[in-house]
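Q:
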Amino acid sequence: MARIPDAELQHLKSAVSLVAIIEQQGRQLFKRGKDMIVLCPFHEEKTPSMVITPSKNLYHCFGCSAGGSVIDWVMKTENLSLRHAAERLKAVLGHNPAVEPLVQPEELASDAIGQQVLLSRVVAFYHHTLLNAPEAQAYLSKRRLNHPELVSQFKLGFANRTLAYRLPASKYKAGAEIRRRLQAVGVLRENGREHLRGSLVVPVMDAQGQVHELYGRMISDDLRASVIRHLYLPGAHQGVWNAAALGASKTLILCESLIDAMSFWVTGQRNVTAAYGVHGVTADHWQVFEQHGIKQVLIAFDNDTAGNDAAVKLAAALVAKGIIPLRVVFPPSMDANEYLCQVAEPETAFALLLESAVPMQEAADMVALERQTPEPDTVSESASPLAAEPAPSVTPNVVCESGDHGELLISAGTLQWCLRGLGTVKAGAAAMKLNAQVLDTQSGVLFADGVDLMSGRSRNSYSRMAAAELGLTEGDIRRVLGQVLLAVEQWQQQGGAASVVNVPKMSDTEQEAALALLQDPYLTARITADLAACGVVGESTNLLAGFLAAVSRKLPKPLAVLIQSSSAAGKSSLMEAVLNLMPEEERIQYSAMTGQSLFYLGETNLQHKILAIAEEEGVRQAAYALKLLQSDGELTMASTGKDEATGNLVTKSYTVKGPVMLMLTTTAIDVDEELLNRCLVLTVNESREQTEAIHAVQRQKQTLEGLLAENERDYLTALHQNAQRLLKPLNVVNPYASQLTFLSDKTRTRRDHMKYLTLIQSIALLHQHQRDIKTAEHRGKTLEYIEVTKDDIRLANQLAHEILGRTLDEMPPQTRKLLLLIQQMAHDMAAEQRCALNAVRFTRRDIRAYTNWSDSQLKLHCQRLSDMEYLLVHGGSRGHLLQYELLWDGDGDSAHLSGLIVPV
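Quick note on our numbering: the sequence shown kicks off at 8 and runs consecutively.
1. So is histidine 202 buried or exposed if we call it buried at 16+ other beta carbons inside 10 Å?
2. Just reading off the beta strand (DSSP E) that proline 332 is part of, what are its end residues?
3. So, with DSSP's three-state summary, where would you put methionine 43?
4. Indicate whether alanine 632 and leucine 492 have their beta-carbon atoms separated by less than 8 Å.
5. In chain order, what residues of the same chain lie with their CB nearer than 6 Å to the CB of threonine 858, ignoring the 5 residues before and after it?
6. With the cut-off set at 8 Å, would you say isoleucine 226 and leucine 261 are in Cβ contact?
7. Please name the residue, chosen from Asp456, Asp342 and Leu811, that lies closest to glycine 553 on a Cα-to-Cα basis.
8. With a 10 Å radius around its C-beta and 16 neighbouring C-beta atoms as the bar for buried, classify valine 657 as buried or exposed.
9. Tell me, which residues are paired with aspartate 459 by DSSP?
10. Tell me the DSSP bridge mates of phenylalanine 132?
11. Which one of Leu147, Val273 and Glu263 has the shortest CA to CA distance from aspartate 311?
12. Going along the chain, which residues of its own chain have a beta-carbon closer than 7 Å to the beta-carbon of valine 1, five neighbours each way excluded?
13. Write down the C-beta distance between threonine 136 and phenylalanine 165 rounded to the nearest angstrom, noting that I regard them as a contact closer than 8 Å.
14. Check whether the Cβ of glycine 553 sits closer than 7 Å to any heavy atom of the ligand COA, and report yes or no.
15. What's the C-alpha gap between asparagine 729 and glutamate 517?
16. I'd like the span of the alpha helix (DSSP H) that includes leucine 525, first residue to last.
17. What's the gap between the Cα of aspartate 862 and the Cα of leucine 569?
18. Taking the alpha helix (DSSP H) that glycine 553 belongs to, which residues open and close that run?
19. Return the CA-CA distance between alanine 154 and leucine 265, expressed in angstroms with no decimal places.
20. At the level of alpha carbons, what is the spacing between isoleucine 800 and threonine 531?
21. DSSP puts threonine 643 in a beta bridge; with which residues?
22. Would you list, in sequence order, the uninterrupted alpha helix (DSSP H) runs of no fewer than 4 residues that lie entirely inside the region 733-761?
23. To the nearest angstrom, report how far apart methionine 818 and leucine 806 are at their CA atoms.
24. If I follow the unbroken beta strand (DSSP E) through histidine 881, where does it start and stop?
25. So leucine 157 packs on phenylalanine 132, CB below 8 Å; how close in whole Å?
26. Between the Cα of glutamine 667 and those of Ser638, Ile301, Glu794 and Arg871, spot the shortest distance and give me the residue it belongs to.
27. Check for me: the beta strand (DSSP E) holding tryptophan 424 runs from which residue to which?
28. Could you name the residues of the same chain whose beta carbon sits closer than 7 Å to that of alanine 629, not counting the 5 residues immediately before and after it, in chain order?
29. Tell me where the alpha helix (DSSP H) around valine 26 begins and ends.
30. Would glutamine 526 be called buried (16 or more neighbouring beta carbons within 10 Å of its own) or exposed?
31. If you run the structure through DSSP and keep just helix, strand and coil, what is phenylalanine 337?
32. Can you check whether the CB of valine 585 is closer than 8 Å to the CB of glutamine 697?
33. Suppose you measure from the CA of aspartate 874 to the CA of histidine 868; what does that come to, to the nearest Å?
34. Would you call the CB atoms of leucine 737 and isoleucine 793 closer than 8 Å?
35. Let me know the secondary structure DSSP gives histidine 18 once reduced to three states.
36. Is the distance from the Cβ of leucine 687 to the Cβ of leucine 802 below 8 Å?
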């Protein structure tokens, strides 16, 4: 029997008026000073000797010495137990559903009480009991489940052994009948005791409020080992907990127990439900999965032997149903609630836990590795699909589906996206303009607008408007939009994998034209002119450098290119122009890459190919792997798995072989030093003259000449792609290598020197059809090679002065350009004012008017020039105008790479 807390008894003794209780019983009270007197009900008397003291709420009889509190009075006068007396007094204080009879006798007579009504009333009684049970509240607090919305929405209750007090006595017909019905549904046992006594009660109800199951968790810690701590109603398990919320997402979190599921729920992960134990996925669960179209299940079973083995078997069943299984991996021997009780920030910790969920093969490998005990017979043959290659494209909480009308449907948490217009977007394109419709399934609010997923500015604008419309934070929308972008890329790649691009066969005419192009003595000039004819204005040096870097994919150590500019300056157009001249089968384009995605691309799928990524920010997770691939030319990862023949634990290795040419774009002014060391940095011309030239070309495209130029571009694209297919990997020998010189004043020039030599090799490789292919015999092998010419070195020097000179400069190219403009402006002002250069003072407004740069750009670059002591700041304190003085005389323009020679 649950003990009534002392605090509750003291509250009743002081809160319920003894005088009021006596008057309710019909006894006559007489005033005597501050006290009251009444005839003592405990012995025969004619003169009142029972004194009632209202100030203390006590009574005392001077005749029989009876005395006590209001509780004692009710117990003795009404012949009630302590618990009944306490509940009697609670009813006096106000409305108390727990005191009302569970079933009225007349309801039994009319058969109005069915199983559902009875269970609903039991749930309501237990729920009210929990709200007034300090021990149950303390248990919820200990398990960090004291969430008011959780308790209210799911009608959590507490069985404190008082249900029988709400029933008529068993000696009456009504009492016997109601007990029989409660025994039939499993609430009472045959001995009349409550089945879930002493337990936290979690009802399993559907969307209509129908009760299908009751789960009880014993809350006492001092139970015997033989006591069962987890209880359900007798019979087969029915119903699915939280089923109404599962339609909000195509992804489902499946826990081992209801306590674990509630642990996810209180951290904000509402698309969660629970099995009835490790082997407790019932037919009702499968029906709900199908009803709500669940496509992805995150299995959050305990990280112990039973939980891991059951997760592998469940994953096999999910795969058979066409559902993608992932494993949420807790620390060893820990479940969701234990993890909740240990972390300091539950919302963040559980969100990261879900983001790190892994495909089931990887989870099974980790389980086996931790146990270090091979169990070849524990997994049935039905789990064999999980022994295949891991699915690196699976992203937790993100599900992609194709719509009936060509749209792409993406479910990311509670947000459902519908993307239209993908049919016109080529896989790997530099622009991805779509109509994006997002629905918040929790609120039902819809937002739709156009967005270019490849444009950071467009994504930010869309996120801002969608957040205002949906009532969510802009950061959350931006994060989910990034997941959508990655999902679209993966979806396009999977679609491309189904239709493998075959190398087109060239006709004799096409092959002759391509060969003629490669044998043209003015090949590099022809390439520059053709790139301009394809619609790119200016940028001849950048285009040629990017083209030669793309050709270097055929070399053992290819170059890497980073195209840098501000937003909307044309970096994507520059990259797309170069890539369009490369064969489709020799380039791979992504918007973003995850940390392990490179390891699963296949052993030779990247060899001698171009890997182009739209934004450098999209590869931060894969930055380490990309650096290794660029430096070492190979990636290797070891993972554990089971041998298909024996079932024993073995080590499997995944290898990705290079060489691969990398091409990235970025809007960052300060580029990561590690990335800068490995790349040729191409900076886009952002001058006003360049903008005017671009506008002129854009207008020209609207004319008939523009239509003809578009047709010419298609011809040139096919011509250059065919020419690239005729290039083959060859060894390149530089007979002038010993005569070359290069700067050696900085450690980083060790890598820049190698870029310079590779640039020379790339030029020679491009001209391989104009060179004699020579052979050399060495150790029984015949080595074919071509030789570098002086013209190759001369062209490489010309490009190196401008390209490598920028990367070796102490300041970014945009800052260097502003410095040159300021120098020109200062000289003009000195000539106009007829004064020395060091006497010229100018403001940021003067610079803005002269350069037409934005104020935000000038703030950044002027601060950098001031920090590097190229500009001297005058004034600037409160009330004084901030002015600059130019300290640079124009000497030491490090944009030129000195020390390069052409051998004689």
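Each residue gets a CB set at the ideal place from its N, CA and C atoms; glycine is no exception.
A: According to the structure data:
1. buried
2. 331-334
3. strand
4. no
5. Leu828
6. no
7. Leu811
8. exposed
9. Aspartate 459 pairs with Lys440.
10. DSSP output for phenylalanine 132 lists no bridge partner at all.
11. From the listed residues Leu147, Val273 and Glu263, the smallest Cα separation to aspartate 311 is found for Glu263.
12. Outside the displayed span of the chain (8 to 911) sits residue 1, for which this structure offers no information.
13. 5 Å
14. This structure simply doesn't include the ligand COA, nor any ligand for that matter.
15. 7 Å
16. 515-525
17. 26 Å
18. 547-558
19. It should be pointed out that residue 154 corresponds to histidine in this sequence rather than to alanine. So the two alpha carbons sit approximately 15 Å from each other.
20. 13 Å
21. Per DSSP, the beta bridge partners of threonine 643 are Thr662.
22. none
23. 19 Å
24. Annotation for histidine 881: the continuous beta strand (DSSP E) segment containing it runs 878-881.
25. Not really, about 19 Å apart at Cβ, beyond 8 Å.
26. The sequence as given places valine at residue 667; glutamine does not occur at that position. Here the closest residue by C-alpha is Ser638.
27. Tryptophan 424 -> beta strand (DSSP E) spans 422-427.
28. Met600, Thr601, Gly602, Ser604 and Leu605
29. 25-31
30. exposed
31. In this structure, DSSP gives phenylalanine 337 a state outside helix and strand, which the three-state scheme calls coil.
32. no
33. 10 Å
34. Isoleucine 793 is positioned such that its CB atom lies closer than 8 Å to that of leucine 737.
35. helix
36. No, the pair does not count as a contact, with Cβ atoms beyond the cut-off.
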